[in-house]
Amino acid sequence: MSTASPAGPPSGTSPSGPTPPDTSAGWRGVATEDDDDLSATASSFLRGRSRQLLGELLRPHRRALWVLLGVILVQNLAWLAGPFLIGVGIDVAVPALLDGDPWPLVWTTAAMVGAALADTVLRYRFLIGSGRVGQAVLLTLRRRVFTHVQHLPLSFHERYTSGKTISRLTSDIEALAELLDEGLDGLLTALFSVLTIGVVLLVLDPPLGLVALLGFPLLFLLSRWFQRNSTVAYRRTRQTIAALIVQFTETMGGMRAVQAFRREPRNDELHAQLNEDNRRAHHRAFWLIAVFVPLVTLIGNVITVAVLGYGALRVMDGDLAVGVLVSFLLYLRRFFDPLQDIAMFYNSYQSASAALEKLSGVLEERSVVAEPVDPTPLPSGSGAAAGEVVFDRVRFGYGAATVLPELHLTIPAGQTVALVGATGAGKSTLARLAARFYDPLSGQVRLDGVPLDQLADADLRRAVVMVTQESFLFSGSIADNISFGRPDATRPEVEAAARAIGAHTFIAALPEGYDTDVRKRGGRLSAGQRQLVSFARAFLADPAVLVLDEATSSLDVPSERLVQRALQTLLADRTALIIAHRLSTVEFADRALVMDAGRIVEDGSPADLVAGAGRFADLHRAWADSLV
Ligand SMILES: Nc1ncnc2c1ncn2[C@@H]1O[C@H](COP(=O)(O)OP(=O)(O)OP(=O)(O)O)[C@@H](O)[C@H]1O
Ligand SMILES: [Mg+2]
């Protein structure tokens, strides 16, 4: 009756592999948890936050759940009536028929047909109903996690790799779905039948019931053994599959490097090893099931034989009616089948509770750069910023080490500032603070006099746009990618932005023009073209402050020139902070800053700095020499 199939240890488990020690973990009050330990603790019971999450998810469906519980209870009663009615048929209806009275047989048959119909209809109701609740819960949960994760700060995403986040949204939700779709139905049916049949057996005939109970200690020990070993075996399968998936995603993600460095043979070797580990772990898990299931059946059969023998003796003595013995044996059969299901259910429960624990952990994460409850409006009143950016005694570091000890910097509205300096000097860090991807440890970053952490998110994102080296393109058309920062932009506006940046010519030459799908990560465009598209995106978004992090570093000279021109258009009339290793970008800046170890060591117009004797002059000389 139960639909829970003897599924092996679920193999589609979380790809959250062993994570390297994370030094930034736990900084500034971010709740961190290495979620690989969780499967151990969450396996046997639901922890507080999981339980709370489950409660929150189920609360809207309370009524439906009570109805479902009622339905499954009645359905089980209808199902249980079968063996009892057969016994009555044998003991009452058949003798009555022999005496010439057909009615008892008619009634019992009618009752059996009625019970069978009720069983069918109620089961249908239950499956439909539980499926509906299950899907509603999953939908809510998936949306909640997705929305939540999107709003978590970069510091979260740096520590929680995208692979882990993806596995939360896929395999963990999947594990819960499996439990809700099949497991719960199977478990409810199994628990209910084991309990009721246990009672029925004792009520139907206490002595026979006691004989049946003799097998229980054995069943109990066997179940404990299975549970213990399968917990270990199961965790091992999860770990090995996780390691496999991590290696897999790393290889696929770095395919260019893999092929460039001929890493294929070594990767094959690693993969083979991990695959073999995974096979071994699964083999062990299956072995446990292969031992457990037949043993339960064996115990069931032995008990059946004992009941049959003892029952037959009692029938001979006239203590027991044949029909009761038949009912008893039929019940016994129905008693042992669900027992196996419960053991199988244990695995899917384990996987679901570990998944729930991880999901609730993600939902527990709080944004450290949260939007203020009572935001301060920008002084202009119109929501548009003028673009003055001030770093006021800003101290910042990612972990224990301080990256920016104490930064003072005032960028007047409309100024183009170029930032140069050695690698690791803290240039990108400064840029990220300007876009409020992080908050300073002390001091303030202000836009038009308003500290960034007091601005509404909408105002901040409208005013400050950061374009990074990656110039990320999303799958979709070129037009979609350009209007990314301003989804309500019309096609003429999109084209105007592309024209202004100088991207229109190459876009128009593409097979479908602006409707060309850029594919994943813009695979169809060259690096320079991608850069131009991301400039057009920023141009259309029209922020008061633009932050460019080494946006031109990956370009060859002709495309760099193209991009330079685009850049000048992009920078006109707005505050700009450009980080560039190439000094060609710096030439048209109003002001250049040289950064060293988190401090600004030179500050002036590019011409003055070149004429001087500082680092910038050195850098410039080296650059000029390289051009000759
Ligand atoms: N997400 C991060 N977590 C922890 N430390 C970081 C992080 N990003 C940067 N750092 C550290 O902060 C320091 C400054 O890094 P930053 O990226 O700002 O340098 P940069 O000047 O942009 O260098 P580059 O020119 O190479 O891009 C470095 O020591 C770096 O190791
Ligand atoms: Mg950098």
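Per my numbering, residue 38 is the first one in the sequence shown, and the count goes up by one each step. Built from N, CA and C at the ideal position, the CB exists for glycine as well. Treat the numbers as computed from the prediction; the structure is a model and nothing was measured.
Residue span of the beta strand (DSSP E) that contains residue i, given as start and end
i	result
Asp640	Arg636 to Gly641
Phe433	Val426 to Phe433
Extent of the continuous alpha helix (DSSP H) to which residue i belongs
i	result
Leu159	Trp140 to His188
His194	Leu191 to Arg196
Pro302	Glu301 to Asp354
Pro529	Arg528 to Ile538
Leu258	Phe253 to Gly290
Arg84	Here Arg84 belongs to no alpha helix (DSSP H), and DSSP marks it neither H nor E.
Ala468	Lys464 to Ala471
His541	His541 to Ala545
Thr622	Leu620 to Val623
Pro243	Pro243 to Leu250
Ser571	Ala564 to Ala578
Leu478	First-last for Leu478: undefined, no H or E at that position.
Glu211	Ile210 to Glu215
Exposed unless 16 or more other CB atoms sit within 10 angstroms - verdict on residue i
i	result
Gln605	exposed
Trp116	buried
Leu176	exposed
Pro549	Contrary to the premise, residue 549 reads as Glu rather than Pro in this sequence. Flag for Glu549 reads exposed.
Arg556	exposed
Val410	exposed
His445	exposed
Asn384	buried
Thr447	exposed
Leu656	buried
Gln568	buried
Phe23	Lying before the first or after the last residue shown, residue 23 is absent from the chain, which here runs from 38 to 665.
Gly461	exposed
Tyr271	buried
Gln566	buried
Ala661	exposed
Ile165	exposed
Residue-level contact to chain D via CB, residue i, 8 Å cutoff
i	result
Ile379	Going by chain labels, chain D is absent from the structure shown, which holds only one protein chain.
Beta-carbon proximity check, residue i vs residue j, cutoff 8 Å
i	j	result
Asp242	Leu369	no
Arg574	Phe653	no
Ala578	Arg523	yes
Arg432	Pro442	yes
Leu226	Ile109	Reading off the sequence, residue 226 comes out as Thr, not Leu. In contact: Thr226 and Ile109 (Cβ atoms closer than 8 Å).
Leu484	Ala422	yes
Pro412	Gln491	yes
Arg499	Leu489	no
Pro141	Val129	yes
Glu215	Ala495	no
Val174	Leu217	yes
Val454	Leu630	yes
Pro190	Val405	yes
Arg611	Val582	yes
Leu456	Ile615	yes
Asn304	Thr286	no
Leu206	Phe183	yes
Leu238	Phe121	no
Ala666	Asp633	Here the chain covers residues 38 to 665 and nothing more, so residue 666 does not appear.
Val504	Phe428	no
Gly641	Arg658	no
Leu105	Leu95	no
Thr277	Asp314	yes
Leu245	Gly348	yes
Ile538	Phe576	yes
Gly337	Gly124	no
Residues bridged to residue i [DSSP beta-bridge criterion]
i	result
Ala407	None, per the DSSP bridge assignment.
Pro488	Arg483
Asp222	Asp222 is not bridged to any residue.
Leu583	Val502 and Ala613
Met632	Gly458 and Ile637
Leu444	Val431
Asp128	In the DSSP output, where bridge partners are listed per residue, Asp128 has none listed.
Ser514	Asp554
Thr453	Ala613
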